[in-house]
Structure formats: C-alpha cells, structure tokens
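Peer 1: Everything in the sequence shown is counted per our numbering, starting at 2 for the first residue and increasing by one. Virtual Cβ for every residue (Gly too), placed ideally from N, Cα, C. This structure is in structure tokens; I'll ask about it shortly.
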Amino acid sequence: MSAVLPKADQVEPPYAVGATLSLQERQYRTLKNGDMFGIFDLSGNILPYDGGTEGLYNRDTRHLSVFDLTIGGGRPVLLSSTLREDNTALICDLANPDLTRDGTVVLDHSMVHVRRVRFMINATLFERIQIRSFAHEPQLIRLEFTFDSDFADLFEVRGTPRVRRGTRQAPDVDEASVTLGYVGLDEKRRTTRLRFSPQPTTLDGGRASFDVEVQPGQQTLLYVEIDCNDQPVVAARDVRANYLISFVEVRRWMRTRSARAAAMESSNELFNEAIRRAISDLYMLITEKPTGLYPYAGIPWFTAVFGRDALITAYQALWLDPAIARGVLKFLAEVQATETDAAADSEPGKIVHEMRNGEMAELGEVPFRRYYGSVDSTPLFVMLAGAYFERTHDGHMLQQLWPHLEAAMEWIAKYGDRDGDGFVEYYRATGSGLQNQGWKDSFDSVFHADGSLAEGPIALCEVQGYVYAAHRAMAEIGRRLGHEQVATFHDKQAETLRAAFEEAFWCEEIGTYAIALDGAKKPCRIRTSNPGHLMMTGMILPERAARMAEGFMSHDFFSGWGIRTVASTEARYNPMGYHNGSVWPHDNALIAMGLARYGHTDAVAKIFEGQFDAALYIDMRRLPELFCGFARRRNQGPTFYPVACSPQAWAAAALPALLQASLGLSIDPAARSVIFSTPKLPSFLDEMILHNIRIGEARVTVRIQRMGDEVAINVRERQGDIHVVVKS
2 MSAVLPKADQ VEPPYAVGAT LSLQERQYRT LKNGDMFGIF DLSGNILPYD GGTEGLYNRD
62 TRHLSVFDLT IGGGRPVLLS STLREDNTAL ICDLANPDLT RDGTVVLDHS MVHVRRVRFM
122 INATLFERIQ IRSFAHEPQL IRLEFTFDSD FADLFEVRGT PRVRRGTRQA PDVDEASVTL
182 GYVGLDEKRR TTRLRFSPQP TTLDGGRASF DVEVQPGQQT LLYVEIDCND QPVVAARDVR
242 ANYLISFVEV RRWMRTRSAR AAAMESSNEL FNEAIRRAIS DLYMLITEKP TGLYPYAGIP
302 WFTAVFGRDA LITAYQALWL DPAIARGVLK FLAEVQATET DAAADSEPGK IVHEMRNGEM
362 AELGEVPFRR YYGSVDSTPL FVMLAGAYFE RTHDGHMLQQ LWPHLEAAME WIAKYGDRDG
422 DGFVEYYRAT GSGLQNQGWK DSFDSVFHAD GSLAEGPIAL CEVQGYVYAA HRAMAEIGRR
482 LGHEQVATFH DKQAETLRAA FEEAFWCEEI GTYAIALDGA KKPCRIRTSN PGHLMMTGMI
542 LPERAARMAE GFMSHDFFSG WGIRTVASTE ARYNPMGYHN GSVWPHDNAL IAMGLARYGH
602 TDAVAKIFEG QFDAALYIDM RRLPELFCGF ARRRNQGPTF YPVACSPQAW AAAALPALLQ
662 ASLGLSIDPA ARSVIFSTPK LPSFLDEMIL HNIRIGEARV TVRIQRMGDE VAINVRERQG
722 DIHVVVKS
C-alpha cells in the first residue's frame, strides 16, 4: 500500500465544517438522548432558512427540518426558554401576539400563556403544550403546527454538496397521525411519524391545526409525539399516556446513570451552576451501548462515536465515574480494526476515529462509516486502559482487554512507526482521508516558524507522549496479569522513547518542544499548546516542565481565559482560527493536569480561574468546544467561535478535570485511599464538598476549606473501607 502524504498546498476537504453561517447568529436550545438530538430556536420551533442547522436528527439524518408553532396565525411572543438542570427537558414559555380580525385587534397580546415541555427518549420526541387563558371572556384560539422533513444527511447540513439524493414519499395521513418517508440511495427507508392528541381540527401532510376554546382561568393540554425510528411501531398507548410514562423513564434514566458519579458543591453558587451543567451535559452526551456508557463528542456536528474524543473525555472524568472509561474501552475494543482498508485508513490493531450511520457514510460519499484516520486514538486507548486500571484495579476487565491492548501496541510498532525511527507518524492511505490526524486536524494546524505548512509523514509531539504512557501502561498491566517479560520490554521501550524524544523535539531557543517533526525529520519550531499534554504523561524532565509552565502563563500564550492553541507571536497565529490561536477548554484541562503532576499549582489555579470566568459569560454557564483567543478585556466576556459545538463532551469534562488538578486528587485502590497532593482551591472557592468519591462499593464525602494559601480537608461521611490522605 502506498500512503498519501499530506501536501502543504491542500485545502480543507469538502466535508469539513464550514463557517459561512455562524451558530452564534441565532440562539439555540439542544436536547439529546441516545442517537437522537434536536436543535431548536428559543421558542422550541424549527424554522426553515438557508444554511440552517435547526432540526430533529436521528442517526445522522435530519428527520424534521420544519416544526413551527403559530398562535392565531402569528408568531408567539417568547417569555422564557430554559433547559432543566439535568438536561432532560426543554421548557418554553410563550404568549399570544395581538390577534386581529379584519384589521381590528380582537385579543391583546399576552392574554394566553402557552408552555411547551419537550423531551426525547427511544428515538422519539415527546411534547406537551399547555394553553391557559387570562382573558375575561372565552376565547377560540387556533394553534397550528407546520412541519416538514428534508431527510438531509448531517454532512449535507454541514455543507457537503450532493449531486443525487433519494426519493421522498407522499405523506401517509390518517385522523391523528402523519408519516413522512424517504428512500435513500442506500435503499434504506427512513420515516418520521407524528401523532397528535387530541385529534386535530384539520390535518394534512404538512400541517396540523387545533381550534381550542379556552375558558377564563382554565387550561387545555395538547400532546405531540414524533417517532424517528426507521421502522416506527404503532404505539399501544395513546399519546398522552405515552408522554407521561416516557417522561418518568427519561428522568429515571438520567438519575440512574449519574447516581454513581461523584458530586460537587461549593461556597460559590455560580460555580455550582457551572459544574452541575457540566455534569448534566456529560451524561446527556452519553449514549448507552451494549458495551456500556459511551460519550458522543458534541452537538450538532459530532453527535456520533469518536474514538479520540471519548478516550480523552473518559480520562478527564475518570476520578468521578470510571464506568465511562470502562464503557469506552469495551466499545472501542469491539470495533478495533482487524484488516487493512485504504479507504477507511484502517490497519490491524488501530482504534477507530469516527463512526457514522447516515446515508452519505453508507454510500461512501464521505469516508466516515467506520473511519480510522487518527494517529492518537490507538495510544490513547492503551493509556486510558492503564489509567482505568490505576483507578479501579479491575483486573478482570484488563484481562479481557489484553489481546486488544497487544494488538494496539503492535499497530504502533508496525504501522505507526513505518520508517523505524522510534516515533509514530501519520499517513493517510487515500486523498479523501483527513490530512492532519492529531487532535488539531485542521489542514493548516502543523507548520514551521516561517508559516509554511509541514509535509508528511508527520510525527506530533503529544502523540509520542501518549505512546510513552501506553508503554508504561502495558508494563503495569502486564505485571498485574503475570506477563513479566512483556512488562520489562515496555519499560525499556518507554525509556528509549523518552531519550530519543528529548534529543529530537526539544527546542532550546523557544523554551519548549517542537509541535512535530515533518517528513524530512525537520522540527516545526513553533510554540503551541501541544507539548502541554506531555506533562500529563510524565514523560518530560522537571526542569523542562518548569520552562513550559512559565511560557504558558506568558501574555502571548495565556489570553486571560486560557492557554491558546498557538502563541500570538507565531506566523500563523489567528485568534479566530480553529486550531491556530483559539482556546479549547479540554486542552487547558489536560495541560492543567500535567502542570499539577509537576507541582505548578499556581499555573493550575490561573487556568482554572480563567475557564470558570469564561463560563460566567456563556449561556447556561456551559463551556463550548472552543472560543476565540483574543486577549481578555475588562468587563467583557470571551469572543465566541462561530461553529463551536455546545455542549461538547470533553469541554463538559473540563471543569471536573480542572478541579481534580487543583486539588491534586488521585485514587489508590490498593491502599483504599483518596489522595490529595498539595491541594489548592482557586480564589473563587472558599469551600468545596466532594460527595460520593468511590473505590468499589466504598465511598467517602470530604469537605475542603481554603484558609489563606492552605486548605483543610475533613471527612464528612464514610461508607466502607476507604481512607483520605493529604500530602503537602
């Protein structure tokens, strides 16, 4: 197989996320459950407009492209729009506009209150509409839903052009339901079935009208059910009963999934709001697979399996819920590559990058049906396995994973390091694959000091750190499972890699490591956030970690909100660039975890404070995928990135990871101990309570109080054999 090397003059592929229409131009509300997600305006509507992303999606297909509620023929007046704190439901409060007849106002605005409560489960959206009149006379109000489905593939919505599409079918209408259908070029039939209760006054293939008579002070209820399963089953229950039963089910699902996780509360109510939203976002993004919990990457573009994103999210959240890591490892082991497939960038032992279910993926119009084009997912898989074992000592799980871990290390040795220089590089087998295959996968994210793009094969610095951590993990797991020779081999490999890396990547003149070696083994001598991940792995020397910590806190790196992906002094710096000057919460969290490992607690606190301060300016205190890298200005919030996903899994896990780094928190299951090493609380937290930190079935709740520059830690509750250790 001849690999296709990235060319310096290549532009972004046609399936990259375009930014011709900013998500910031409109405010959205999002819901997700399983493989379904929805993007709605603040009133709960899905409105048709060119380039719009609003819609109800299931398995990478937009099942509703229009869902518009009007009152008396007019647009309702928005009163408020909010998500429940646990993200299970969207609540929109609306009022009637002025209603006119023959040019005369017959009902003033804000006399009729309409409350929409919406949730989703089992690939079905449920909604209850409550109508209450505050007028003094009985009112006959017409509520009307306009609906349609373009059955667009998610990549179409993102901007990827299609020459041909499948066939839309004529709507199937009965007294109280409508079924919209589409047969794709992949010969699959996709359907959207809408049911209404009570029966609409009039109903056709695109409109449901209700003439509702409301008495003064009385209320009327309408119910809507939208089933997006490809083969919807006629429900045995009526729509109202199904709504009530399903609402209980979805709330129970969320409580059950999050009950085992550690919980946090503090003296700062704004931080409490931010951390609760982060945890709720994390669990909303989790989809339950037969193998366990799996966090999808983010809404709207990445509501699917991504290997790298899930591995990093699970790593960040490992201290509070190791079940996420367990589910991620089991699923990725199940879909680990076993053969070579150039179109999928697949080779035996490689861990998947992205999996899609839509029509375009099924047809190969985009390469992501099961695509393996990431260089870091495979070492991250082994690294997470080692961290999971360190957190849980779950030997049975690791015994099951062992053949998959060996296959991953075989891929690293055989395919990852094709030229035998000791470093893992990335290639792509065809021109349709991703050009850059690290976490910064923009076409222009790897470059030299003069701004010229690096040509491959490219060896990224952080990938070598992940490989180092993978060797250390294999050594530790190997010893636990009785594979002493394997453990000794990987210990030696780790030390060999460490020495070679220091020699090849360290750049004394810029005080950090090169982002990469290009195809000619020439270092890309630019200052980026990538080397920060090396500290997390423990690969580098303490004195060099200190140099990097100092650099990260300088004005050209630290924006006031966080560490930029590229320092402002570099040739391709662009604070509005996706990877060339922006600020990513997960990137900052991983760097903070590394800084904590090397004892740079002041830098950790600075990052933590910057990220929390950014959340204060963002709707629902929700950290997005990224924001722009402009310098912080007094009394102004961060500048948003136009097409950032929100919520995003590894951004949701950033605040919990930053808290862990700040507290120096680790868990030793062998000693049954929760350990705090040189703990520190940032200035915005005077007190912190961590509930339900678990080691097996044992659990502990601790109270942490800041006293000047020191903290006091006390056990508030303990169940089972578990201890708290504080190290200064």
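If you drop the 5 nearest sequence neighbours on each side, which residues of the same chain put their C-beta closer than 7 Å to that of R196?
Peer 2: By 1-based counting over the sequence shown, the position of residue 196 is 195. Only A177, S178, E226, V240 meet the Cβ criterion.
Peer 1: Tell me whether G595 sits in a helix, a strand or coil according to DSSP, three-state version.
Peer 2: Taking the sequence shown and counting its residues from 1, the one referred to as residue 595 is at position 594. Helix.
Peer 1: Within the chosen definition, does the region 697 to 716 reach the region 617 to 630 through at least 3 CB pairs nearer than 8 Å?
Peer 2: Cβ pair count under 8 Å is below three, so no.
Peer 1: In the structure shown, what three-state DSSP assignment does F303 receive?
Peer 2: In the sequence shown, the residue the question calls residue 303 occupies position 302. F303 falls in the strand class under three-state DSSP.
Peer 1: Beta carbon of Y427: closer than 7 Å to some heavy atom of the ligand NAP?
Peer 2: Summarising the ligand content, the structure contains no ligands, and the ligand NAP is consequently not present.
Peer 1: Can you tell me whether W507 is helix, strand or coil according to DSSP?
Peer 2: In the sequence shown, residue 507 corresponds to position 506, counting from 1. Three-state result, W507: strand.
Peer 1: How would you call A488, buried or exposed, if buried means at least 16 neighbouring beta carbons within 10 angstroms?
Peer 2: The residue you call residue 488 lines up with position 487 of the sequence shown. Buried.
Peer 1: In this structure, what does DSSP give as the bridge partners for V240?
Peer 2: Taking the sequence shown and counting its residues from 1, one reaches residue 240 at position 239. BP columns for V240 are empty, so no partner.
Peer 1: The alpha helix (DSSP H) spanning N273 covers which residue range?
Peer 2: Mapped onto the sequence shown, residue 273 falls at position 272. Note, N273: alpha helix (DSSP H), 270 to 286.
Peer 1: Ends of the beta strand (DSSP E) at F148?
Peer 2: Reading the sequence shown from its first residue, position 147 is the one you call residue 148. F148 -> beta strand (DSSP E) spans 140 to 149.
Peer 1: Whole angstroms are fine: how far does the CA of A362 sit from the CA of P368?
Peer 2: Here residue 368 is taken as the residue at index 367 of the sequence shown, counted from 1. Here residue 362 is taken as the residue at index 361 of the sequence shown, counted from 1. Using only the alpha carbons, I get a separation of about 6 Å.
Peer 1: Specify the secondary structure class of D99 as computed by DSSP and reduced to three states.
Peer 2: Here residue 99 is taken as the residue at index 98 of the sequence shown, counted from 1. The answer is coil: DSSP assigns D99 none of H, G, I, E or B.
Peer 1: In angstroms with no decimal places, state the Cα-to-Cα distance between A409 and A345.
Peer 2: Counted from its first residue, the sequence shown places residue 409 at position 408. Counted from its first residue, the sequence shown places residue 345 at position 344. Whole-angstrom Cα-Cα distance: 17 Å.
Peer 1: Using DSSP with H/G/I as helix, E/B as strand and the rest coil, what is C93?
Peer 2: Counting from 1 along the sequence shown, the entry for residue 93 is found at position 92. C93 falls in the strand class under three-state DSSP.
Peer 1: Tell me the residue span of the beta strand (DSSP E) that contains Q706.
Peer 2: Here the question's residue 706 lines up with position 705 in the sequence shown. Looking at the DSSP string, the run of the beta strand (DSSP E) that includes Q706 is 699 to 708.
Peer 1: Which ranges would you report for the alpha helix (DSSP H) in the region 449 to 481 if only whole runs of at least 4 residues count?
Peer 2: Listed in chain order, the complete alpha helix (DSSP H) runs (minimum 4 residues) inside the region 449 to 481 are 462 to 481.
Peer 1: Would you mind stating whether P639 and M285 have Cβ atoms separated by less than 8 Å?
Peer 2: Against the sequence shown, residue 639 aligns to sequence position 638. Against the sequence shown, residue 285 aligns to sequence position 284. Cβ distance not < 8 Å, so P639 and M285 don't count as in contact.
Peer 1: Classify S198 as buried or exposed, calling it buried when 16 or more other Cβ atoms lie within 10 Å of its own Cβ.
Peer 2: Here residue 198 refers to the residue found at position 197 when the sequence shown is read from its first residue. Looking at its Cβ environment, which holds 16 or more other Cβ atoms inside 10 Å, S198 is buried.
Peer 1: Pick out whichever of L406, G74, L364 has its Cα sitting closest to the Cα of V164.
Peer 2: Translated into the one-based positions of the sequence shown, residue 164 becomes position 163. Of the listed residues, the one whose Cα sits closest to V164 is L364.
Peer 1: Using three-state DSSP, classify F248 as helix, strand or coil.
Peer 2: Translated into the one-based positions of the sequence shown, residue 248 becomes position 247. The answer is helix: DSSP assigns F248 an H, G or I state.
Peer 1: For the putative contact between L181 and T192, defined by C-beta atoms under 8 Å, what is the C-beta separation to the nearest angstrom?
Peer 2: Indexing the sequence shown from 1 puts residue 181 at position 180. Indexing the sequence shown from 1 puts residue 192 at position 191. Right, their Cβ atoms sit about 7 Å apart.
Peer 1: With distances taken between CB atoms, is the gap from G328 to G293 smaller than 8 Å?
Peer 2: For the purposes of this step, residue 328 is taken as the residue at position 327 of the sequence shown. For the purposes of this step, residue 293 is taken as the residue at position 292 of the sequence shown. Result yes, Cβ atoms of G328 and G293 sit closer than 8 Å.
Peer 1: Determine the DSSP secondary structure at D10, reduced to helix, strand or coil.
Peer 2: Locating residue 10 in the sequence shown gives position 9, where the first residue counts as 1. The predicted model places D10 with a pLDDT of 43, which falls under 50 and marks its position as unreliable; any figure quoted below should be read in that light. It is coil, neither helix nor strand.
Peer 1: With distances taken from CA atoms, which of P586, I592, A500 is nearest F553?
Peer 2: In the sequence shown, residue 553 corresponds to position 552, counting from 1. Considering only alpha carbons, the answer is I592.
Peer 1: Quick test of your reading: S259 and I276, contact by CB under 8 Å. State the CB separation rounded to the nearest angstrom.
Peer 2: Residue 259 sits at position 258 when you count from the first residue of the sequence shown. Residue 276 sits at position 275 when you count from the first residue of the sequence shown. That pair is no contact at about 13 Å.
Peer 1: Would the region 648 to 666 and the region 679 to 696 be scored as touching if the rule is three or more Cβ pairs under 8 Å?
Peer 2: Taking 8 Å as the limit for Cβ pairs, the verdict is that the region 679 to 696 does touch the region 648 to 666.
Peer 1: Could you tell me the distance, in whole angstroms, from the CA atom of Y297 to the CA atom of E138?
Peer 2: Position 296 of the sequence shown, counting from 1, holds the residue named residue 297. Position 137 of the sequence shown, counting from 1, holds the residue named residue 138. One C-alpha to the other measures close to 50 Å.
Peer 1: Would D710 be called buried (16 or more neighbouring beta carbons within 10 Å of its own) or exposed?
Peer 2: In the sequence shown, counting from the first residue as 1, residue 710 sits at position 709. Exposed, by the Cβ-count rule.
Peer 1: What's the call for H64, buried or exposed, on a 16-neighbour Cβ count within 10 Å?
Peer 2: Here residue 64 refers to the residue found at position 63 of the sequence shown. So H64 ends up on the buried side.
Peer 1: Ends of the alpha helix (DSSP H) at H405?
Peer 2: Numbered from 1 along the sequence shown, position 404 holds the residue referred to as residue 405. Here the alpha helix (DSSP H) through H405 covers 396 to 412.
Peer 1: Assess contact between the region 391 to 399 and the region 314 to 327, defined as three or more Cβ pairs (one per stretch) separated by less than 8 Å. Is contact present?
Peer 2: Touching, yes.
Peer 1: Threshold first: 3 residues or longer. Then list the beta strand (DSSP E) segments lying entirely within the region 642 to 724, N to C.
Peer 2: Entirely contained in the region 642 to 724, the beta strand (DSSP E) runs reaching 3 residues are, in chain order, 666 to 669, 674 to 678, 688 to 696, 699 to 708, 711 to 720.
Peer 1: Just to confirm my understanding: we take R707, look at its own chain, exclude 5 residues before and 5 after, and list those with CB closer than 6 Å. What are they?
Peer 2: Counting from 1 along the sequence shown, the entry for residue 707 is found at position 706. Result list for R707: L682, D687, in chain order.
Peer 1: Could you spell out where the alpha helix (DSSP H) holding Q108 opens and where it closes?
Peer 2: Here the question's residue 108 lines up with position 107 in the sequence shown. One detail in the question is off: residue 108 reads as Leu in this sequence, not Gln. Note, L108: premise wrong, no alpha helix (DSSP H); beta strand (DSSP E) at 105 to 108.
Peer 1: V329 by DSSP, collapsed to three states: which one?
Peer 2: Along the sequence shown, one-based indexing puts residue 329 at 328. It is helical.
Peer 1: Hey, R208 and E145 are a contact pair by Cβ (cut 8 Å); roughly how many whole angstroms apart?
Peer 2: On the sequence shown, position 207 is the one that residue 208 refers to. On the sequence shown, position 144 is the one that residue 145 refers to. Contact flag correct, Cβ pair sits at about 6 Å.
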